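*Asks:* If you read the protein sequences in the order shown, they are chains A and B. Taken in order, the first sequence gives residues 6 to 359; the numbers are from the numbering used here. Taken in order, the second sequence gives residues 6 to 359; the numbers are from the numbering used here. Cβ atoms here follow ideal geometry from the backbone N, Cα and C, with glycine treated the same way. Computed from a predicted structure; not experimentally measured.
2 protein chains.
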Amino acid sequence: MIHTDAVVIGAGPAGLFQVFQLGLLGLQAHVVDALPEPGGQCVALYPDKPIYDIPGLPACTGRSLTAQLLDQASPFLDADRLHLGQQVTRLEVSAQVPLGQHRFTLHTDQGLALCARVVFVAAGAGAFLPRELALPGLKGRPGNLHHHLHADSGAPAPWAGQHLTVAGGGDEALHAVLSLLQAPSPQAPAHITLLHRRDQFQAEPALDAAVREAMQQGRMHLVLGVPQSVQQADDGRLLAIDLAQADGTHTHPTDHLLVQLGLSPKLGPLADWGLPMARKQVGVDPATFASGVPGVFAVGDINTYPGKKRLLLCAFHEATLAAHAAAALLNPDAPQHLLYTTTSPLLLQRLGRA
Amino acid sequence: MIHTDAVVIGAGPAGLFQVFQLGLLGLQAHVVDALPEPGGQCVALYPDKPIYDIPGLPACTGRSLTAQLLDQASPFLDADRLHLGQQVTRLEVSAQVPLGQHRFTLHTDQGLALCARVVFVAAGAGAFLPRELALPGLKGRPGNLHHHLHADSGAPAPWAGQHLTVAGGGDEALHAVLSLLQAPSPQAPAHITLLHRRDQFQAEPALDAAVREAMQQGRMHLVLGVPQSVQQADDGRLLAIDLAQADGTHTHPTDHLLVQLGLSPKLGPLADWGLPMARKQVGVDPATFASGVPGVFAVGDINTYPGKKRLLLCAFHEATLAAHAAAALLNPDAPQHLLYTTTSPLLLQRLGRA
Chain A
6 MIHTDAVVIG AGPAGLFQVF QLGLLGLQAH VVDALPEPGG QCVALYPDKP IYDIPGLPAC
66 TGRSLTAQLL DQASPFLDAD RLHLGQQVTR LEVSAQVPLG QHRFTLHTDQ GLALCARVVF
126 VAAGAGAFLP RELALPGLKG RPGNLHHHLH ADSGAPAPWA GQHLTVAGGG DEALHAVLSL
186 LQAPSPQAPA HITLLHRRDQ FQAEPALDAA VREAMQQGRM HLVLGVPQSV QQADDGRLLA
246 IDLAQADGTH THPTDHLLVQ LGLSPKLGPL ADWGLPMARK QVGVDPATFA SGVPGVFAVG
306 DINTYPGKKR LLLCAFHEAT LAAHAAAALL NPDAPQHLLY TTTSPLLLQR LGRA
Chain B
6 MIHTDAVVIG AGPAGLFQVF QLGLLGLQAH VVDALPEPGG QCVALYPDKP IYDIPGLPAC
66 TGRSLTAQLL DQASPFLDAD RLHLGQQVTR LEVSAQVPLG QHRFTLHTDQ GLALCARVVF
126 VAAGAGAFLP RELALPGLKG RPGNLHHHLH ADSGAPAPWA GQHLTVAGGG DEALHAVLSL
186 LQAPSPQAPA HITLLHRRDQ FQAEPALDAA VREAMQQGRM HLVLGVPQSV QQADDGRLLA
246 IDLAQADGTH THPTDHLLVQ LGLSPKLGPL ADWGLPMARK QVGVDPATFA SGVPGVFAVG
306 DINTYPGKKR LLLCAFHEAT LAAHAAAALL NPDAPQHLLY TTTSPLLLQR LGRA
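Quick look at the structure:
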């Protein structure tokens, strides 16, 4: 169990700047994010698209902005405090522990437990999780049903030497197929089928062309259809998918199924934490960005208040006021006058710039 | 008379980003500032001090941030819309003109008149004006009493070949003395006296040392004392200053007096515009940053609302929400859904990035 001042849920721009502002105020934070890298939807959805409305940055990208925010937060954030690839599944409030002490316990799906005095929900539209393929009648989570192609670790892939079906028609699916075709023999499937609902992809032209070429060369096949039902072995293992095709239903046997439909934000367990919400957003007080649960704050796209605009620059303001409100809650006797990084020796010392 | 959608009072970071956000929303703005260059107190008071808390800019300075904000606003701000070195002295509200039309007329001390549909007060702590020297008994504004050394225009200086007294003991005064000592002969005074209340300066060591050296070389003189009264000619011209000195009052004759006591923010006429204020700050609604006068918004250090922190990053948020509120006021029938610079062809076209 890790004890810390604050847990920030979400390592997107709002969460990273939240850590920075907490650090300036002398508060230590740990960050949890479902994605394998920081940056949130900025990095997951539009890493290289230019962004023109960050104040003082005439042009940047999701990736470059994230790098800058990580650099800025670095005096207060190291690898030990950044918990990636895991989702917070449970938030426990110990009502008998006084507000300001360690009354919050957060549990992740990887078994991590964090005990905190305040919590910041900077979860954007929710945790970015792999989109599921609709497989009517599926029972349990078969061991040969996979989501998300992981970076090559050198270990033998579960589908090595077998028949792998990749589901999807976007960048993620086509990219996976091309990577797998180039995989060295100990990891490569014996055969690859791409499963999509129609003979048209929504992918970058270069990926599209490369996959079409591989199909013509017979290095892989395309199967069209929409899953209607599945056939599973006694141990739950997936044996085949029954596909609705133009000329009726056909059975498509496979050894493994890799679903590559991209990422989709899921509010998930957060909806059950007792935070007063409206339209999947946490209502907050714009003076403090406090949620309806004392000690829990919400900043960025996840929150709502009169006038709310879902813009990064607004999230930065929200994180700043939330940090100050949390500091006032945790240290009610400390002087609350504002210090500036241009002039305050204390802030410069915390930043390592003294 | 210039007609425009918006007038922004103040060309500091808040005012510059206000212009950018208005431009994104298709609204044209003119900016007025009392200072001779943009950047507000960032540039006037701490141009080269590092700032560490601008989101996504791990380190910048007042000067570099201003340059970046000017660059960012450049699609919407040219020299014709930036009115520097003049103070807005009067704000007229034509109550019979409907809200949303050109009901506001602003007058500056340089005779400029601007007619606008909405007004944004981004005036920080007020207009930065030269600090005055207390000259008891002074009548009128003598033509040989000057404030603020202007950049050398090549034209003959009013004090050329005459006796100039420079008042002050800080960076501004010492810098002026050293500049004047190096001025080419058509502009140079015949003699320079530095007038300060004591034989100690509050200036950078390098400036201090250079002035001390010039004194030792007899290239200028230091006179100590505090003005008690002045002697003026019939036409109001200043003839001499009576100075309280350690051994009594002495008369210090001079041809010109240049007061170099630095800049000080003055709320000035703004206090008389009928905006509901508390402690020299304009009260605003944090959903819109609207002041108590419909159509007039206030952003940055000049405003106040629950939770207010006087930080640049908060001013950026305020300017953004104020721009959206103004756009909703001016175009009540336009769709109000949020457009993003990453994806909106309309915004990219307005930015000149299409």
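(1) Please name the residues in the stretch 290–309 of chain A whose beta-carbon is closer than 9 Å to at least one beta-carbon of chain B, in chain order.
(2) Pro-350 of chain B to Leu-29 of chain B, Cα distance in whole Å?
(3) Can you check whether the C-beta of Asp-83 of chain A is within less than 8 Å of a C-beta belonging to chain B?
(4) Given a limit of 9 Å on CB to CB distance, which residues of the stretch 313–326 of chain B reach chain A?
(5) Count the other CB atoms, across all protein chains shown, that sit within 10 Å of the CB of Thr-348 of chain B; report buried if there are 16 or more and exposed otherwise.
(6) Does the stretch 140–147 of chain B come close enough to the stretch 238–248 of chain B that 3 or more CB-CB pairs lie under 8 Å?
(7) Could you give the C-beta distance for Leu-169 of chain B and Pro-232 of chain B, rounded to a whole number, given that I count them as a contact under 8 Å?
(8) I'd like to know whether the C-beta of Ile-56 of chain A is nearer than 8 Å to at least one C-beta of chain B.
(9) Can the beta-carbon of Pro-60 of chain B be found less than 8 Å from the beta-carbon of Phe-321 of chain A?
(10) Have a look at B:Pro-194, B:Val-216, B:Gln-250, B:Gln-265 and flag the residue whose alpha-carbon is nearest the alpha-carbon of His-151 of chain B.
(11) Starting from the beta carbon of Ile-59 of chain B, find every residue of chain E whose beta carbon is closer than 8 Å, and list them in chain order.
(12) Give the DSSP-derived three-state secondary structure of Met-282 of chain A in the structure shown.
(13) Can you check whether the C-beta of Asp-204 of chain B is within less than 8 Å of a C-beta belonging to chain A?
(14) Suppose the cutoff is 7 Å on Cβ atoms and the five residues either side in sequence are ignored; what does the same chain contact list for Ala-295 of chain B look like?
(15) Can you pull the chain A residues whose beta carbon is under 9 Å from the beta carbon of Arg-358 of chain B, in chain order?
(16) Please list, in chain order, the chain A residues whose beta carbon lies closer than 7 Å to that of Leu-343 of chain B.
(17) Sort A:Gln-106, A:Val-93, A:Ser-99 by Cα distance to Gln-115 of chain A and report the nearest one.
(18) Could you check what DSSP says for His-151 of chain A in three-state terms: helix, strand or coil?
(19) Going by DSSP in three states, Gln-73 of chain A sits in which element: helix, strand or coil?
(20) Would the stretch 278–287 of chain A count as touching the stretch 253–263 of chain A if we require 3 or more Cβ pairs under 8 Å?
(21) Just to confirm, is the Cβ distance from Leu-32 of chain B to Ala-11 of chain B under 8 Å?
(22) Please confirm whether Phe-125 of chain B and Pro-270 of chain B have their CB atoms less than 8 Å apart.
(23) If I measure Cβ to Cβ from Leu-27 of chain A and keep anything under 6 Å in the same chain, skipping five residues before and after, which residues do I get?
(24) Can you give me the C-alpha to C-alpha distance between Gly-300 of chain B and Arg-86 of chain B, rounded to a whole angstrom?
(25) Return the residue from the list A:Val-171, A:Pro-210, A:Gly-223 that minimises the CA-CA distance to Arg-202 of chain A.
(26) So, using beta-carbon positions, are Gly-90 of chain A and Leu-272 of chain A closer together than 8 Å?
(27) Which word fits Ala-219 of chain A, buried or exposed, when buried means at least 16 other C-beta atoms lie within 10 angstroms of its C-beta?
(28) Mind pulling the chain A residues with CB within less than 8 Å of Pro-270 of chain B?
(29) Which residues of chain A have a Cβ atom closer than 7 Å to the Cβ of Thr-76 of chain B, listed in chain order?
*Replies:* Quick answer:
(1) Listed by position, the residues of the stretch 290–309 of chain A near chain B (Cβ gap below 9 Å) are Asp-290, Pro-291, Ala-292, Thr-293, Phe-294.
(2) 11 Å
(3) Not closer than 8 Å to any Cβ of chain B, the Cβ of Asp-83 of chain A fails to qualify, so no.
(4) Taking 9 Å as the Cβ-Cβ cut-off, the stretch 313–326 of chain B approaches chain A at Lys-313, Lys-314, Arg-315, Leu-316, Leu-317, Leu-318, Cys-319, Ala-320, Phe-321, His-322, Glu-323, Ala-324, Thr-325, Leu-326, given in chain order.
(5) exposed
(6) yes
(7) Rounded, the Cβ-Cβ distance is 16 Å, inconsistent with contact.
(8) yes
(9) yes
(10) B:Gln-265
(11) Protein chains A and B are contained in the structure displayed, whereas chain E is not.
(12) The answer is strand: DSSP assigns Met-282 of chain A an E or B state.
(13) no
(14) Result list for Ala-295 of chain B: Val-289, Phe-302, Ala-330, in chain order.
(15) Pro-55, Tyr-57, Ala-64
(16) Lys-314, Arg-315, listed in chain order.
(17) Residue A:Val-93 is the option with its Cα nearest to Gln-115 of chain A.
(18) Strand at His-151 of chain A.
(19) helix
(20) no
(21) Taking 8 Å as the Cβ cut-off, Leu-32 of chain B and Ala-11 of chain B qualify as a contacting pair.
(22) 8 Å or more divides the Cβ of Phe-125 of chain B from the Cβ of Pro-270 of chain B.
(23) Ala-11, Ala-34, Ala-328
(24) 20 Å
(25) A:Val-171
(26) no
(27) buried
(28) Neighbours of Pro-270 of chain B on chain A: none; closest Cβ ~16 Å, over 8 Å.
(29) The sequence shown places Asp at residue 76 of chain B, rather than the Thr named in the question. By Cβ distance, chain A contributes Pro-63.
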